[in-house]
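Numbering of the sequence shown is given in the numbering used here, commencing with residue 8 and proceeding in unit increments. Report on one structure; see the data block that follows.
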Amino acid sequence: MKTIFVIPTYNEADNLPVIVKALMELELRDLHLLIVDDNSPDGTGQIADHLATVFDGRIFVMHRQGKEGLGRAYVAGFTWALEHGYDAIGEMDADLSHDPKSVPDLVARIAGGADVVLGSRYLNGISVINWPLRRILLSLGANEYVRRITRIPIHDGTSGFRVYARQALEAINLPTIRSNGYSFQVEMSYRACLTGCEIVEEPIVFTERHAGESKMSRGVIMESALMPWRLRANRGKLLKTVKQLRRDAQAETV
Ligand SMILES: Nc1nc2c(ncn2[C@@H]2O[C@H](COP(=O)(O)OP(=O)(O)O)[C@@H](O)[C@H]2O)c(=O)[nH]1
Ligand SMILES: [Mg+2]
């Protein structure tokens, strides 16, 4: 199974070499990485290029012109991964909040037949380390808010540590994903549910970053607050598109 993890970066110079080394040292010797950097002022892009020469053939770098948001970086990265024939396509933050040691377990669930594996912080209670209470409540509240409005039966639909099987990303239809920021995670979760993907949740531990700064902003929160309503309003249209895509795919195989 050709496997790649896409890692979006914006000012992660201190974290990137550490996470890349940890990922390259995993048992998964054929794991590839795509680093998607938005022209970070702190030189993360150049560090990524250097890492790509050190781990030649396993690390790839996409340089984007400026900071366009997490969602845009992932749409570009996932599209690249599909074009390059990967079977399992993962995502994780660069700031070591997501433990590289959990990667093999997540990937194994895809190998076992799941379409989407969500690394969940809220399966067995709350597994978050070093977050202030305010941030935990925001995240829990956001998940409850999303569940109520969109009615998707997922414990951690905002998690950014996950793996998609190729066919799931194809069904999700990336060019029509609208999120710029973190609401990307919710939009993708919703789309995966609507397209009938088998989604499994695997417990993970989330640890707040030690180096660098969070890119959470007021604009990002605003978009995230509106997204569930937008998704709900467009449910009928989305289902129609999903059915049409399925018919097209069937016609192609006949
Ligand atoms: N390429 C790119 N990466 C981003 C952008 N915003 C955030 N990131 C990356 O997305 C990941 C999660 O962001 P972070 O600030 O840690 O979010 P938090 O953990 O929710 O506070 C990190 O690897 C960031 O560097 C962006 O606009 N462009
Ligand atoms: Mg973070």
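Glycine included, every Cβ here is placed at the ideal spot set by N, Cα and C.
What residue range does the alpha helix (DSSP H) around residue 237 cover? 225 to 240
Does ligand 1 have even one heavy atom less than 7 Å from the beta-carbon of residue 230? No, the Cβ of residue 230 stays beyond 7 Å of every heavy atom of ligand 1.
Secondary structure at residue 191, three-state DSSP: helix, strand or coil? Helix, per DSSP.
Whole-angstrom distance between residue 165 and residue 262, CA atom to CA atom: With the chain covering only 8 through 261, there is no way to say anything about residue 262.
Residue range of the alpha helix (DSSP H) that includes residue 121: Looking at the DSSP string, residue 121 is not in any alpha helix (DSSP H), and its letter there is neither H nor E.
Going by the CB atoms, is the gap between residue 146 and residue 210 shorter than 8 Å? Contact flag unset, no.
With distance defined between alpha-carbon atoms, name the residue in 206, 167, 207 nearest to residue 191. Closest option to residue 191, judged by alpha-carbon separation, among 206, 167, 207: 167.
Taking the C-alpha atoms as reference points, what is the distance between residue 9 and residue 118? 10 Å
With the cut-off set at 8 Å, would you say residue 74 and residue 17 are in Cβ contact? yes
Considering only DSSP beta bridges, list what residue 132 is partnered with. DSSP, once it has assigned bridges, lists no residue as partnering residue 132.
From the DSSP output, which residues share a beta bridge with residue 210? 127
Examine ligand 1 and report whether any of its heavy atoms sits within less than 7 Å of the Cβ of residue 216. yes
Could you work out which residue in 11, 43, 84 is closest to residue 36 when comparing CA atoms only? The shortest C-alpha separation from residue 36 is found at 11.
At what residues does the alpha helix (DSSP H) containing residue 145 begin and finish? Run containing residue 145: 140 to 157, per the alpha helix (DSSP H) assignment.
If we require 3 or more residues per run, which beta strand (DSSP E) segments fall completely within the region 49 to 109? 66 to 70, 95 to 98
Are there 16 or more other CB atoms within 10 angstroms of the CB of residue 261, so buried, or fewer, so exposed? exposed
Could you check where the alpha helix (DSSP H) with residue 178 kicks off and where it finishes? 173 to 179 is the extent of the alpha helix (DSSP H) around residue 178.
Is any heavy atom in ligand 4 found nearer than 7 Å to the beta carbon of residue 202? Among the ligands present in this structure, namely ligand 1 and ligand 2, ligand 4 is not found.
Local Cβ density within 10 Å of residue 99, reported as buried at 16 or more and exposed below that: buried
Who are the near neighbours of residue 105 in its chain, counting only those whose CB is closer than 6 Å to its CB and skipping five residues on each side? 99, 168
Enumerate in chain order the residues of its own chain whose CB-to-CB distance from residue 234 is below 7 Å, with the five nearest sequence positions on each side excluded. 186, 190, 193, 194
Going by DSSP, what residues sit across from residue 111 in a beta bridge? Per DSSP, none; premise fails for residue 111.
Taking C-beta to C-beta, are residue 170 and residue 212 nearer than 8 Å? no
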